[in-house]
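Each protein sequence line maps, in turn, to chains A and B.
When we follow my numbering, the leftmost residue of the first sequence carries the number 3, and every step to the right adds one.
When we follow my numbering, the leftmost residue of the second sequence carries the number 3, and every step to the right adds one.
Beta carbons: idealized from backbone N, C-alpha and C, even for Gly.
Working notes, structure below.
Protein chains: 2
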Amino acid sequence: MRFEIRVAPNSGFCFGVRRAIEIAEKTLASTKEAFSIGPLIHNPQVIDRLRQAGLQPVDSPEAVDPSGTVIIRSHGVRPDVLSRLNERAAKSIDATCPLVKKAQQSAELLALEGYTVVILGERNHPEVEGLVGHAPGAIVVNADEEVPVLPHGSKIGLVAQTTQYPADFRRVIERITRNDFDEARIFNTICHATVERQKAAVELATDVDIMFVLGGRNSANTNHLAKICKATGVDTYHIETAGELDEKWLDGKRRVGVTAGASTPEWIIEQFVSRLEKVSGG
Amino acid sequence: MRFEIRVAPNSGFCFGVRRAIEIAEKTLASTKEAFSIGPLIHNPQVIDRLRQAGLQPVDSPEAVDPSGTVIIRSHGVRPDVLSRLNERAAKSIDATCPLVKKAQQSAELLALEGYTVVILGERNHPEVEGLVGHAPGAIVVNADEEVPVLPHGSKIGLVAQTTQYPADFRRVIERITRNDFDEARIFNTICHATVERQKAAVELATDVDIMFVLGGRNSANTNHLAKICKATGVDTYHIETAGELDEKWLDGKRRVGVTAGASTPEWIIEQFVSRLEKVSGG
């Protein structure tokens with residue numbers, strides 16, 4: 003079997019994920035152990051390594067050892083989780099992605115200034131839960147849902163989960179402004195790096211015979227990547243590690259594309275490409 | 003010739019025009035004469051009547067008698083015109099339509115808070131000139147124009163001339179949000195009564211054989227009415243008075259529709275309908 007292997011530009015770690023991991027590693031270097039509320043990032047393999055280094059994901063602030071250190075995950079948390087952590091007197095270190103932070107601040111400002119806040123995102127994603135916490139009463143919609151019709155004279159504020167598609171964001175804007183409204187204030191909180199990664203992945207997908215998307219199954223942006231690659235019509239496989247590769251998938255393929263989510267580390271991409279090279283006899 | 007005559011609901015004077023005329027009449031009742039910068043409203047027949055009652059339209063603040071009274075037209079004026087009037091010490095009475103006032107305040111707020119202000123409207127219309135005066139440096143676009151691409155990180159503010167079409171407004175919003183932007187703040191300054199008048203006119207236009215749109219040739223909202231009635235495919239005539247009717251137009255017509263702009267007085271509509279009734283032998 004002989005095929006060409008191409009890795010999409012902008013694959014793998016984004017700035018916010020790299021920063022969160024660096025913060026965790028630096029913290030663990032001095033404290034030896036620390037907690038995070040939920041996984042620090044959405045990649046099980048990275049989380050395993052961090053667990054070995056002493057980072058323990060827990061479900062709630064109450065599960066944190068009062069004398070311990072807690073690292074706020076890259077997706078951010080609700081303000082009430084922060085205050086519960088502060089009450090417990092555990093030392094907390096903020097590894098929230100700066101772009102998520104900005105989205106939280108935008109949601110908070112809109113709520114404080116009396117806007118009805120609409121959030122485009124996945125209802126149960128921790129980032130969105132954090133955003134809603136910053137704008138209590140916010141309405142969460144996904145790209146397929148209608149926006150509720152608000153009373154005449156409404157002031158509507160809109161933010162998006164940072165990993166949403168720009169096209170979906172525009173669709174929600176269209177729905178909001180098709181209804182009656184007095185003022186619409188829209189913060190474009192979509193991460194530019196995510197958009198670039200999506201573009202590069204789609205471009206590569208249209209030019210290969212099979213596409214691999216590497217990353218956590220719990221990673222929203224990796225799932226998005228797989229969805230849009232599949233939508234180009236190419237055979238697409240979303241896997242977490244090289245170990246999941248079934249060589250039969252490669253039968254008759256001449257051009258193989260690879261991309262990876264924002265929380266997928268370089269070593270996972272490298273191991274997968276090495277495995278592909280072996281199969282290709284390279 | 004026998005035909006049915008139907009007048010569209012919501013034809014004629016809107017709240018803002020009625021208010022401006024009442025202010026003028028009340029003022030003239032005590033002062034006997036007064037000035038306006040440009041015509042008070044966009045209807046030549048009403049302006050003629052007001053001129054006979056003592057209201058003199060002038061081109062600039064400097065043409066106002068310093069001891070006289072000036073009435074600010076329904077379309078509003080630029081702030082510098084206001085201050086020039088104050089400097090001349092002429093007494094000024096504000097007949098700006100409250101909805102135009104609100105649009106001016108929105109444009110001013112956006113400019114003060116550092117937004118790049120975009121105005122959907124007709125560049126040379128007095129209302130738009132007033133809006134630009136409240137947001138110096140604002141970019142005026144019409145429905146057929148692209149919105150300039152702004153630098154990365156831009157905060158864009160949008161308002162519309164009160165008589166624009168909602169569909170055009172949404173088109174501009176779509177163009178703005180298709181480009182890169184950080185924040186878009188949109189004030190829906192379109193007059194609801196204008197929208198209702200347009201809807202009623204289009205509905206009637208699709209149900210008659212000929213449509214008459216009554217109102218000043220210089221009236222933006224009357225021109226809009228004529229345009230959207232014509233767009234339904236029905237024969238459409240935009241005239242100012244009954245005197246302009248050519249009876250040949252009615253040959254073979256069985257259902258005749260009438261609508262009128264926001265600055266068209268009831269007596270013009272009545273005179274026209276009477277004339278139609280005579281032609282119809284009614």
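I need the boundaries of the alpha helix (DSSP H) containing residue i, first residue and last residue.
i               : result
S32 of chain B  : F17 to T33
T224 of chain B : A222 to A233
E6 of chain A   : No alpha helix (DSSP H) holds E6 of chain A; the beta strand (DSSP E) holding it covers E6 to V9.
L87 of chain A  : P81 to E89
I43 of chain A  : Here I43 of chain A belongs to no alpha helix (DSSP H), and DSSP marks it neither H nor E.
L133 of chain B : P128 to H136
Can you give me the Cβ contacts of residue i inside the same chain, cut-off strictly under 7 Å, excluding the 5 residues immediately before and after it?
i               : result
V142 of chain A : I121, G123, R125, V130 and V134
D182 of chain B : H154
P150 of chain B : I141
V83 of chain B  : I39 and P63
P46 of chain A  : G218 and E242
A228 of chain B : V215, T238 and H240
A137 of chain A : A109, E110, L112, A113 and V119
Q106 of chain A : G78, G132, L133 and H136
With distances taken between CB atoms, is the gap from residue i to residue j smaller than 8 Å?
i               : j               : result
D184 of chain B : S156 of chain B : yes
I270 of chain B : T243 of chain B : yes
E24 of chain B  : G56 of chain B  : no
L152 of chain B : I175 of chain B : no
V210 of chain B : G259 of chain B : yes
G218 of chain A : H44 of chain A  : yes
R256 of chain A : E27 of chain A  : no
G283 of chain A : R51 of chain A  : no
V281 of chain A : E249 of chain A : yes
R172 of chain A : R180 of chain B : yes
Grab me the residues of residue i's own chain with a C-beta within less than 6 Å of its C-beta, minus the 5 sequence neighbours each way, in chain order.
i               : result
H297 of chain A : Beyond the ends of chain A as shown, which are 3 and 284, falls residue 297 of chain A; an answer cannot be given.
Q163 of chain A : G123, E129 and V130
C99 of chain A  : G18 and S76
C16 of chain A  : A195 and A264
Q58 of chain B  : F37
I49 of chain A  : P41
T33 of chain A  : T71
For residue i, I'd like the list of residues in its chain whose CB is within less than 8 Å of its CB, leaving aside the five on either flank, ordered along the chain.
i               : result
G116 of chain B : K157
W251 of chain B : I212, D237 and Y239
E148 of chain B : R177
T224 of chain B : H44, V215, L216, G217, G218, H240, A262, G263, A264, S265 and T266
N190 of chain B : A162 and F171
A65 of chain B  : F37
R277 of chain B : A244 and L247
Tell me the residue span of the beta strand (DSSP E) that contains residue i.
i               : result
T191 of chain A : Unbroken run through T191 of chain A: none, as it is neither H nor E.
T71 of chain B  : T71 to I74
S276 of chain B : Run containing S276 of chain B: none in the beta strand (DSSP E); it sits in the alpha helix (DSSP H), E268 to V281.
K104 of chain B : No beta strand (DSSP E) contains K104 of chain B, which is instead part of the alpha helix (DSSP H) from P100 to L114.
G245 of chain B : Careful: G245 of chain B lies outside any beta strand (DSSP E) and carries neither H nor E.
A36 of chain A  : A36 to I39
A262 of chain B : R257 to A262
V59 of chain A  : The amino acid occupying residue 59 of chain A in the given sequence is Pro; Val does not appear at that position. P59 of chain A -> beta strand (DSSP E) spans L57 to V60.
D170 of chain A : Not the beta strand (DSSP E): D170 of chain A falls in the alpha helix (DSSP H), residues P168 to R180.
G254 of chain B : Careful: G254 of chain B lies outside any beta strand (DSSP E) and carries neither H nor E.
S94 of chain A  : K93 to D96
V120 of chain A : T118 to L122
A162 of chain A : K157 to A162
L216 of chain B : I212 to L216
Whole-angstrom Cβ separation of residue i and residue j, contact assumed at under 8 Å?
i               : j               : result
V119 of chain B : A109 of chain B : 6 Å
T165 of chain B : L206 of chain B : No, T165 of chain B and L206 of chain B are not in contact; Cβ-Cβ is about 19 Å, not under 8 Å.
R86 of chain B  : P63 of chain B  : 4 Å
D67 of chain B  : A92 of chain B  : 7 Å
G14 of chain A  : E268 of chain A : 6 Å
Relative to the alpha-carbon of residue i, which residue among the options has its alpha-carbon at the smallest distance?
i               : options                           : result
L247 of chain A : A:T234, A:F214, A:L84 and A:R20   : A:F214
C193 of chain B : B:I230, B:A264 and B:K232         : B:A264
K104 of chain A : A:E272, A:G18 and A:L227          : A:G18
D96 of chain B  : B:R75, B:Q54, B:A228 and B:R180   : B:R75
R187 of chain A : A:G40, A:L111 and A:I7            : A:L111
L114 of chain B : B:G139, B:A10, B:R90 and B:S94    : B:G139
C231 of chain B : B:E249, B:H136, B:K201 and B:G254 : B:K201
A10 of chain A  : A:I49, A:E198 and A:A22           : A:E198
R8 of chain A   : A:T208, A:A233 and A:D253         : A:T208
Taking 7 Å as the cut-off, is the C-beta of residue i nearer than that to any heavy atom in the ligand SAH?
i               : result
S221 of chain A : As for the ligand SAH, it is missing from this structure, which has no ligand bound.
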